[in-house]
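Chemist: Residue numbers for the sequence shown follow the numbering used here, beginning at 13 and rising by one.
Glycine included, each C-beta is placed from N, C-alpha and C at the ideal position.
Sharing a structure below in structure tokens format, with a few things to ask.
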Amino acid sequence: MSRHAIYFAPTRATPLWDLGVRWLGHDPETGAAMAPMQVPGFPVGRLADLTAPARRYGWHATLKAPFRLREGVSGYDLALAVRAFAARLEPVTLPPLEVRDLDGFLALVPVVPSERLDWLAALCVEVLDPWRAPLDEAERARRDGGRLDPRGRELLERWGYPWVFERFRFHLTLTGPVEPAEGCQLEAWLSEYFEPALAFPGRVDALAIFHEPAPGEALRLVRRVPLGRP
């Protein structure tokens with residue numbers, strides 16, 4: 013029941029990586045835990061609860077959401093496929109980022125749309141889909157839950173995830189669901205905290221393969237595959 017995902021993970025030793033893993037309190041590449049953040053007006057326990065969903069999935073932006081491997085396919089097979097795919101791609105410069113509320117949770121999102129980011133994510137969804145196992149009923153229920161419209165269900169059934177192609181929104185998740193008053197306060201604080209990384213966040217220069225060993229466990233960054241290298 014393990015799963016893999018294809019993410020963007022900021023380059024190590026950059027402000028975007030360092031600030032993100034410190035905010036979430038976990039480095040998904042090394043497994044190291046960080047000291048809890050101190051935010052005025054927020055008890056440490058409350059911050060831990062708010063960041064718990066994002067912390068489990070690791071500091072990232074989704075390109076292809078977590079999926080089980082098709083029968084007969086190994087993690088090594090997937091890595092070879094990602095390597096061959098990434099070799100044909102060129103790095104994508106990230107636009108400036110900002111902290112924003114996305115349907116009740118906080119995330120870093122591009123200030124302006126990026127067709128190249130959208131194109132990269134669409135390619136990841138489509139080209140790597142042959143390695144994905146079909147949805148089972150538990151996955152279908154978890155990703156639908158009666159909340160999707162007909163187009164969302166169509167995308168879910170075909171690609172295993174509803175937020176793809178025209179419904180994709182590049183973002184690095186900062187919190188789980190947050191109350192409006194808390195969200196406003198945190199948005200202002202996080203905008204200042206991430207300020208060193210927002211104007212020049214860097215490039216998508218590698219595809220990051222994440223692995224979830226078992227349901228509910230934290231995802232680990234197991235491999236960075238550089239773009240444009242045969």
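Using DSSP's beta-bridge definition, name the partner residues of Glu224.
Modeler: On the sequence shown, position 212 is the one that residue 224 refers to. In the DSSP output, where bridge partners are listed per residue, Glu224 has Arg15.
Chemist: Around the Cβ of Cys196, are there at least 16 other Cβ atoms within 10 angstroms (buried) or fewer (exposed)?
Modeler: Counted from its first residue, the sequence shown places residue 196 at position 184. Result: exposed.
Chemist: Classify Asp39: buried if its beta carbon has 16 or more other beta carbons within 10 angstroms, exposed otherwise.
Modeler: Sequence index remark: in the sequence shown, residue 39 carries index 27 (1-based). With 16 or more Cβ atoms within 10 Å of its Cβ, Asp39 is classed as buried.
Chemist: Could you name the residues that DSSP lists as bridge partners for Glu110?
Modeler: Taking the first residue of the sequence shown as position 1, residue 110 is located at position 98. BP columns for Glu110 point to Val121.
Chemist: Run through DSSP, which three-state label would Ala200 get?
Modeler: In the sequence shown, counting from the first residue as 1, residue 200 sits at position 188. Ala200: helix per DSSP, three-state reduction.
Chemist: Pull the bridge partners of Pro238 from the DSSP assignment, please.
Modeler: Counting from 1 along the sequence shown, the entry for residue 238 is found at position 226. BP columns for Pro238 point to Ala218.
Chemist: I need the straight-line Cα distance from Leu62 to Pro189, nearest angstrom please.
Modeler: For this step, residue 62 is matched to residue 50 along the sequence shown. For this step, residue 189 is matched to residue 177 along the sequence shown. Cα to Cα, Leu62 sits roughly 7 angstroms from Pro189.
Chemist: On the criterion of 16 or more Cβ atoms from any shown chain inside 10 Å, does Trp171 qualify as buried, or is it exposed?
Modeler: Taking the sequence shown and counting its residues from 1, the one referred to as residue 171 is at position 159. Buried: at least 16 other Cβ atoms inside 10 Å.
Chemist: When you compare only the Cα positions, how much space is there between Glu207 and Met46?
Modeler: Position 195 of the sequence shown, counting from 1, holds the residue named residue 207. Position 34 of the sequence shown, counting from 1, holds the residue named residue 46. So the alpha carbons of these two residues sit roughly 20 angstroms apart.
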